[in-house]
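Number of protein chains: 2
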Amino acid sequence: MATNMADSFSYDTLFSENSSDTPLNVVKHAKYDFAVAYPAPETLPMDGLIQALRTAVDSDSMKTAQGMAYYPHQLGSQELREYTSEKLTSDRGFTVGADEIALTNGSGESIGLVIQALTNPGDVVLAEEFVYMGTLNQLRRSGADIRGVAIDDGGIIPEALDEQIAELTANGSKPKYLYTIPEHQNPTGSTLSAERRKAILDIAHKHRMPILEDDCYVDLRFEGETQPAFRALDDSGIVVYVASYSKLLAPGLRLGYFTAAPEVMRRALGFKQGSGPNQFAAMAIEGFLRNNLDSHRDSFSPVLRAKRDAMVASLEENFGGSGAEWSTPEGGCYVWLTMPEGADIASIRDEVLEQGVGYVAGTNFEADASGRTGHNCARLCFAFESTQKNTEGIALLAQLFKQHGAM
Amino acid sequence: MATNMADSFSYDTLFSENSSDTPLNVVKHAKYDFAVAYPAPETLPMDGLIQALRTAVDSDSMKTAQGMAYYPHQLGSQELREYTSEKLTSDRGFTVGADEIALTNGSGESIGLVIQALTNPGDVVLAEEFVYMGTLNQLRRSGADIRGVAIDDGGIIPEALDEQIAELTANGSKPKYLYTIPEHQNPTGSTLSAERRKAILDIAHKHRMPILEDDCYVDLRFEGETQPAFRALDDSGIVVYVASYSKLLAPGLRLGYFTAAPEVMRRALGFKQGSGPNQFAAMAIEGFLRNNLDSHRDSFSPVLRAKRDAMVASLEENFGGSGAEWSTPEGGCYVWLTMPEGADIASIRDEVLEQGVGYVAGTNFEADASGRTGHNCARLCFAFESTQKNTEGIALLAQLFKQHGAM
Numbered sequence: 014m015a016t017n018m019a020d021s022f023s024y025d026t027l028f029s030e031n032s033s034d035t036p037l038n039v040v041k042h043a044k045y046d047f048a049v050a051y052p053a054p055e056t057l058p059m060d061g062l063i064q065a066l067r068t069a070v071d072s073d074s075m076k077t078a079q080g081m082a083y084y085p086h087q088l089g090s091q092e093l094r095e096y097t098s099e100k101l102t103s104d105r106g107f108t109v110g111a112d113e114i115a116l117t118n119g120s121g122e123s124i125g126l127v128i129q130a131l132t133n134p135g136d137v138v139l140a141e142e143f144v145y146m147g148t149l150n151q152l153r154r155s156g157a158d159i160r161g162v163a164i165d166d167g168g169i170i171p172e173a174l175d176e177q178i179a180e181l182t183a184n185g186s187k188p189k190y191l192y193t194i195p196e197h198q199n200p201t202g203s204t205l206s207a208e209r210r211k212a213i214l215d216i217a218h219k220h221r222m223p224i225l226e227d228d229c230y231v232d233l234r235f236e237g238e239t240q241p242a243f244r245a246l247d248d249s250g251i252v253v254y255v256a257s258y259s260k261l262l263a264p265g266l267r268l269g270y271f272t273a274a275p276e277v278m279r280r281a282l283g284f285k286q287g288s289g290p291n292q293f294a295a296m297a298i299e300g301f302l303r304n305n306l307d308s309h310r311d312s313f314s315p316v317l318r319a320k321r322d323a324m325v326a327s328l329e330e331n332f333g334g335s336g337a338e339w340s341t342p343e344g345g346c347y348v349w350l351t352m353p354e355g356a357d358i359a360s361i362r363d364e365v366l367e368q369g370v371g372y373v374a375g376t377n378f379e380a381d382a383s384g385r386t387g388h389n390c391a392r393l394c395f396a397f398e399s400t401q402k403n404t405e406g407i408a409l410l411a412q413l414f415k416q417h418g419a420m
Numbered sequence: 014m015a016t017n018m019a020d021s022f023s024y025d026t027l028f029s030e031n032s033s034d035t036p037l038n039v040v041k042h043a044k045y046d047f048a049v050a051y052p053a054p055e056t057l058p059m060d061g062l063i064q065a066l067r068t069a070v071d072s073d074s075m076k077t078a079q080g081m082a083y084y085p086h087q088l089g090s091q092e093l094r095e096y097t098s099e100k101l102t103s104d105r106g107f108t109v110g111a112d113e114i115a116l117t118n119g120s121g122e123s124i125g126l127v128i129q130a131l132t133n134p135g136d137v138v139l140a141e142e143f144v145y146m147g148t149l150n151q152l153r154r155s156g157a158d159i160r161g162v163a164i165d166d167g168g169i170i171p172e173a174l175d176e177q178i179a180e181l182t183a184n185g186s187k188p189k190y191l192y193t194i195p196e197h198q199n200p201t202g203s204t205l206s207a208e209r210r211k212a213i214l215d216i217a218h219k220h221r222m223p224i225l226e227d228d229c230y231v232d233l234r235f236e237g238e239t240q241p242a243f244r245a246l247d248d249s250g251i252v253v254y255v256a257s258y259s260k261l262l263a264p265g266l267r268l269g270y271f272t273a274a275p276e277v278m279r280r281a282l283g284f285k286q287g288s289g290p291n292q293f294a295a296m297a298i299e300g301f302l303r304n305n306l307d308s309h310r311d312s313f314s315p316v317l318r319a320k321r322d323a324m325v326a327s328l329e330e331n332f333g334g335s336g337a338e339w340s341t342p343e344g345g346c347y348v349w350l351t352m353p354e355g356a357d358i359a360s361i362r363d364e365v366l367e368q369g370v371g372y373v374a375g376t377n378f379e380a381d382a383s384g385r386t387g388h389n390c391a392r393l394c395f396a397f398e399s400t401q402k403n404t405e406g407i408a409l410l411a412q413l414f415k416q417h418g419a420m
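Line by line, the protein sequences give chains A and B.
The first sequence begins at 14 in this note's numbering and counts up by one.
The second sequence begins at 14 in this note's numbering and counts up by one.
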């Protein structure tokens with residue numbers, strides 16, 4: 014039947030100049046996997062999500078079917094945008110209409126669209142000294158010249174930010190915008206205080222520099238007080254606000270969102286390929302959260318806290334007195350481990366993974382990709398493994414670091 | 014609390030050069046909505062999809078939760094890729110491994126990735142004379158110079174294709190690839206015979222021109238015989254195969270896929286932003302189709318056939334003898350209406366929609382956007398409205414065409 018089943022067709026000279034032969038990501042999982050970026054699987058409300066779909070279909074099956082039969086609205090499910098609007102008012106203290114919110118395939122799509130709307134190749138973009146890798150990749154793809162801002166345990170240091178912008182501007186490289194995860198930052202776990210946020214907003218206005226606020230971890234606070242969103246402190250339009258249901262519910266749902274000044278939204282959405290995100294997942298999320306947000310929080314908070322406690326206690330037991338330091342975040346998924354200056358835990362990462370413990374070395378998060386500042390740091394996800402595995406895995410990590418001369 | 018709640022921040026000079034201030038799509042729905050591209054909502058297996066999730070969670074809740082907690086594999090759900098591999102073998106007659114299939118957010122994402130991998134600005138790309146608008150938009154975004162290939166009721170005319178390629182090549186504009194929907198084409202409803210496909214493959218090899226085969230409607234055949242996929246007739250790698258679960262199940266699930274030669278896949282996936290598509294929808298689809306594909310087909314086929322029959326019968330009754338012609342497709346969603354040469358039904362489209370009948374004018378599908386060939390044509394979706402509305406709506410359409418002097 015086949016006209017050609019033998020010779021292999023050659024694509025030589027047919028590929029676009031922009032394309033590159035990139036190997037697929039192959040992710041290896043260690044026995045103690047602290048390299049992941051996942052919430053606690055045992056708290057995922059699968060039953061609740063399915064029940065929410067069941068309830069929606071039982072209450073109006075034709076409406077549900079029509080909702081699924083239509084290609085989604087460019088902004089995504091109307092019902093989930095309405096719910097998101099209400100949740101932002103009650104949880105984050107600012108009010109935007111459902112039509113000012115765009116749902117996307119995870120918050121990663123939101124961030125990518127905004128980056129494309131604001132970034133020309135060569136533009137300087139500021140971010141915390143250590144930055145979430147997904148955003149780093151998107152910024153690099155847009156040709157951004159990423160510069161890290163000095164941080165301490167409380168996140169971005171406003172005075173350092175102001176000085177850096179002034180210096181860059183004097184050199185003809187005025188930063189285009191600032192990307193930040195202000196709450197439970199990825200990877201360091203730090204949270205910016207309200208005072209620092211206000212100071213940073215003043216600096217942003219002074220230098221006419223928008224803030225891209227990535228609030229994807231805010232729902233995962235299990236102790237202390239949530240700080241006000243940049244967007245709640247300022248409605249001039251200088252803040253582009255991005256958040257997600259991936260951490261609150263499940264990454265596999267792929268639902269994030271953003272809200273921004275109208276022209277920013279229009280220009281960002283102009284880069285969108287295809288229609289809005291999954292209606293099926295949107296229906297499940299809206300139905301579940303509308304009735305169960307508080308009980309869901311009550312169920313996962315103690316789990317996350319216990320996991321963080323186990324990891325931090327094991328760090329104290331196994332790394333105490335070694336000169337290592339680590340963060341003790343009040344939420345999110347990550348502990349940031351800083352070994353003494355001379356310890357190169359980046360170069361031994363693959364071996365340590367083979368021997369049973371996964372982590373992401375700090376070099377992967379360097380804003381400026383200098384390879385200089387992150388070699389003695391690691392991001393440890395405390396949310397995914399059990400408390401027991403957090404305890405055991407950190408003990409093994411110390412042992413392996415010693416074996417490799419890093420401790 | 015706010016540092017700035019009054020002055021509006023100006024983004025002047027901050028937007029990227031590639032961005033444009035594009036208004037959001039606003040889709041108006043007519044009373045008789047033949048403008049949509051939706052399958053029959055009453056056949057959407059919402060209950061079955063929910064039941065499939067229920068079954069998956071009941072059989073192994075921890076495995077399910079872990080599947081949702083992980084960010085999806087770049088290629089998407091392993092289980093759905095395995096099922097898709099089996100379905101391609103049994104339904105489309107060619108075998109590729111699960112690792113040679115990439116799941117995407119609808120087939121639109123697949124097509125967009127492949128276009129980016131193969132298209133430089135200015136490249137000539139061939140397609141049927143009338144082409145699905147989503148693909149046209151993506152081709153234009155990549156700067157392709159789209160040329161329409163002559164078609165008849167049986168789709169692309171191989172001899173015309175061969176001549177056109179030779180002519181373009183002689184003029185220094187050798188076509189880069191051919192995009193085609195060979196089965197139940199959107200918008201014309203035509204299907205290429207096996208003979209034509211073989212002839213087109215020979216022409217493709219002769220001119221070293223890949224074929225981007227969009228098989229998204231193949232599952233919606235309700236009479237006649239399914240023709241072999243280009244990909245089943247040729248495994249040299251010259252065919253890139255794209256298909257979708259949007260039409261078979263529900264557009265709102267946003268799940269399509271593609272398979273291609275390894276380097277094409279790697280280069281296409283290099284343009285992917287973020288991780289694989291929705292695991293939640295993938296789990297529901299795989300669970301449902303593995304047990305219910307045949308019964309689902311048995312349930313929607315008579316519905317689609319009755320809807321096509323109603324529309325075609327009403328066309329005969331109301332357009333017969335007017336000089337109008339229409340296709341009678343054996344599957345898919347669309348009837349293609351061709352009015353006599355002088356009738357400009359593109360210019361009256363908005364008024365007719367206001368008066369109750371929606372359609373998409375042929376000018377929107379012109380490969381070359383000349384505005385010359387589609388003014389007397391329209392795509393009519395028979396799948397979405399009820400048989401009664403198909404009958405009534407076509408009668409009203411004839412009345413409105415007469416009222417506007419187009420008939």
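All residues carry an ideal CB built from backbone N, CA and C; glycine is no exception.
In this text, all values refer to a predicted model and were calculated from it rather than measured experimentally.
Nearest Cα to residue 106 of chain A within the set A:243, A:384, A:371: A:243. Ranked by how close their Cα comes to the Cα of residue 381 of chain B, the residues B:354, B:181, B:159 have B:159 in first place.
Within chain A, the residues whose beta carbon sits less than 8 Å from that of residue 63 of chain B are 63, 66, 67, 70, listed in sequence order.
In the structure shown, residue 338 of chain A adopts extended strand secondary structure according to DSSP, grouped into three states. Under the three-state reduction of DSSP, residue 395 of chain B is assigned to coil, being neither helix nor strand.
The beta carbons of residue 52 of chain B and residue 82 of chain A sit closer together than 9 Å. With a 10 Å radius around the Cβ and a threshold of 16 neighbouring Cβ atoms, residue 231 of chain A comes out buried. Chain-ordered, the chain A residues with CB closer than 8 Å to the CB of residue 54 of chain B read 75, 78, 79, 81, 82. Around the Cβ of residue 39 of chain A, a 10 Å sphere holds fewer than 16 other Cβ atoms; the residue is exposed. Against chain A, the CB of residue 362 of chain B has no partner CB under 9 Å away; the residue lies outside that interface.
Between residue 25 of chain A and the set B:121, B:274, B:60, the nearest pair of CA atoms involves B:274. Taking the beta carbon of residue 276 of chain B as reference, the chain A residues within 7 Å of it are 24, 34, listed in sequence order. Contacts with chain A at 9 Å (Cβ-Cβ) include residue 223 of chain B. Residue 139 of chain A is a Cβ neighbour of residue 162 of chain A, given a cutoff of 9 Å.
The C-beta of residue 166 of chain B comes no closer than 9 Å to any C-beta of chain A. Within the region 258-324 of chain A, the runs of alpha helix (DSSP H) at least 4 residues long that lie entirely inside it are, in chain order, 275-282.
Residue burial is scored here from C-beta neighbours: residue 136 of chain A has at least 16 other C-beta atoms within 10 angstroms and is therefore classed as buried.
Contact residues of the region 289-322 of chain B toward chain A are 289, 290, 291, 292, 293, 294, 295, 296, 297 (C-beta to C-beta distance below 9 Å). Listed along the chain, the chain B residues whose CB falls inside 7 Å of the CB of residue 29 of chain A are 129, 130, 131, 132, 133. Residue environment: residue 260 of chain B is assigned as buried (16 or more neighbouring CB atoms within 10 Å of its CB, all protein chains considered).
Those residues of the region 228-248 of chain B placed with their C-beta closer than 9 Å to a C-beta in chain A are 241, 245, 246, 247, 248, ordered along the chain.
In this structure, the straight-line span from the alpha carbon of residue 400 of chain B to that of residue 328 of chain B is close to 13 Å. What residue 44 of chain A touches in chain B, judged by beta-carbon distance under 9 Å, is nothing: the nearest beta carbon there is about 15 Å away. At least one C-beta of chain B is nearer than 9 Å to the C-beta of residue 38 of chain A.
When secondary structure is reduced to three states using DSSP, residue 239 of chain B falls in the coil class, being assigned neither helix nor strand. If you check the CB distance, residue 168 of chain B and residue 141 of chain B come in under 9 Å. Take residue 220 of chain B, set aside five residues on each side of it, and the residues of its chain with a beta-carbon closer than 6 Å to its own are 178, in chain order. With 16 or more neighbouring CB atoms inside 10 Å of its own CB, residue 352 of chain A falls in the buried class. DSSP, read as helix, strand or coil, puts residue 133 of chain B in coil. Of the residues assessed, residue 416 of chain A falls on the exposed side of the cut-off, its CB having fewer than 16 other CB atoms within 10 angstroms. Spanning the alpha carbons of residue 29 of chain B and residue 264 of chain A requires a straight line of approximately 30 Å.
Annotation for residue 70 of chain B: no beta strand (DSSP E) segment contains it, though the alpha helix (DSSP H) segment containing it runs 59-72.
According to the DSSP secondary-structure assignment, residue 160 of chain B is paired through a beta bridge with B:139. With respect to residue 223 of chain A, residue 191 of chain A sits close: the two C-beta atoms are nearer than 9 Å. Counting C-beta pairs with one atom in each stretch, the region 87-96 of chain A and the region 112-130 of chain A have three or more that are closer than 8 Å, which means they touch. The contact set of residue 20 of chain B on chain A, defined by CB atoms closer than 8 Å, consists of 249 in chain order.
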